[in-house]
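S.K.: The structure that follows is given in the form of structure tokens.
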Amino acid sequence: MSKNKRWGKEFIDKRNHKEYHEEVLRRYEIYLDLDWVASWDDELIDMNQRKRGTPFQFPNSMILFQALLVEKFTTRGAETLTRNLESFGLIPKCNDHSTIHRRILNLGLRFDVPKGVELHEGTDGSGFKMTHSGEYYQQKYGETVRKFARVIITATKDEILDVDVVVNEKGSLTEPKAAEKHICSIIENGGNVAKSYDDGAFDTKPFFNFLEKLHIDSAIRIRANASTKANGSMRRKREVLKFKSKGYKDWAQEVDYGMRWPMTEGHFSAIKRCYGDGARAKKVENILIELKRKVWIYNEVKKYGRK
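Start counting the sequence shown at 45; every next residue gets the next number (this note's numbering).
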């Protein structure tokens, strides 16, 4: 069977592979970066200023470092490695695995927003497993935990800007609503969102009206049976007429719709290859925290390689 002829421009790989190779190697240096030790005492003083009860003994920067270790190993693995750092005299003291687990769950993870540049972002969701048990185990013991959680990210082609994790249930946060929430947060934190690249799930009048209100350009795939009537959204009507007059291929080339893949699918692929497609936690609330942390760690490691 002959292959279909490729439409669009032929892909030309312009990446500097030598520079990219060095960038990937630098990412792993984050696991040996102990710069945070120098500010140990000052950070604890700041953390304990308004603390009631038992004061903190370990700075948040150490817990963030251990979060990286936990994702690759376990809390006991992080304890073992931290204990060795103490024995080598590299850190003042170490904590145990239960303290690591408790502190990591309470970390306030934030995503940095680039400022002074126009942001071209996309939003999408992907399923992650909430349990690793097989079909036999579930039938035999009647496991009631939901099988999948949905991770929704808003990202540029280079980094992730925000994330939400929900259980796929009726009434849970939808992808368009998550995108609106993320874009508002990005703008509040000084980001300039110029264009949004999204799939057919975002072809809704409320989302188009939201983008129109904020003067954000869009590249959203329109449904094939979309009505050309406004019905409450002139922005969507214009986009539908544009899509139908040009056809999918010409429209996709004009709006550069292909950029949606590195903004969303590319990140999800990398996260699942590097850190797996499921959670190890048992409680649903801890699973949601773990999956968000997984996305945050991937983003931090990738940014570290570009330093």
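Glycine included, every Cβ here is placed at the ideal spot set by N, Cα and C.
#1: Rounded to whole angstroms, what is the Cα-Cα separation between residue 177 and residue 331?
#2: If we count the other Cβ atoms within 10 Å of its Cβ and call it buried at 16 or more, is residue 268 buried or exposed?
#3: Provide the residue span of the beta strand (DSSP E) that contains residue 241, from first to last.
#4: For residue 196, list the residues DSSP reports as bridge partners.
#5: Across the segment 117–134 and the segment 303–318, are there enough close Cβ pairs to call them in contact, namely three or more that are closer than 8 Å?
#6: Can you find at least 3 beta carbon pairs, one from the segment 276–296 and one from the segment 245–257, that sit closer than 8 Å?
#7: Is there contact between the segment 121–130 and the segment 153–173, where contact requires at least three CB pairs shorter than 8 Å?
#8: Got a sec? Which residues, its chain only, sit under 7 Å from residue 333 by beta carbon, not counting five neighbours each side?
#9: For a quick check, are the C-beta atoms of residue 166 and residue 241 less than 8 Å apart?
#10: Would you be able to state if there are at least three C-beta pairs under 8 Å between the segment 90–98 and the segment 142–159?
#11: I'd like the list of long-range same chain contacts for residue 335, defined as Cβ closer than 7 Å, with 5 residues on each side in sequence excluded.
#12: Smallest Cα separation from residue 243: which of 180, 183, 260 and 308?
#13: Looking only at its own chain, which residues have a Cβ that is under 6 Å from the Cβ of residue 220, when we skip the five neighbours before and after it?
M.R.: On the basis of the data shown:
#1: Looking up residue 177 in the sequence shown gives position 133. Looking up residue 331 in the sequence shown gives position 287. Their Cα atoms are separated by approximately 15 Å.
#2: Start at 1 with the first residue of the sequence shown, and residue 268 comes out as number 224. For residue 268, the number of other beta carbons within 10 angstroms of its own is below 16, and it is reported as exposed.
#3: Residue mapping note: residue 241 aligns to position 197 of the sequence shown, counting from 1. First-last of the beta strand (DSSP E) with residue 241: 236–242.
#4: For the purposes of this step, residue 196 is taken as the residue at position 152 of the sequence shown. Beta-bridge pairing links residue 196 to 169 and 208.
#5: no
#6: yes
#7: no
#8: Sequence index remark: in the sequence shown, residue 333 carries index 289 (1-based). Within the same chain, residue 333 has close Cβ partners 149.
#9: Locating residue 166 in the sequence shown gives position 122, counting from the first residue. Locating residue 241 in the sequence shown gives position 197, counting from the first residue. Their beta carbons are under 8 Å apart, which means residue 166 touches residue 241 by this criterion.
#10: no
#11: If you number the sequence shown from 1, residue 335 lands on position 291. So the qualifying residues of the chain are 172, 193, 195, 209 and 323.
#12: Stepping through the sequence shown from its first residue, residue 243 is reached at position 199. Residue 308 is the option with its Cα nearest to residue 243.
#13: On the sequence shown, position 176 is the one that residue 220 refers to. Cβ within range, chain order: 246, 248 and 251.
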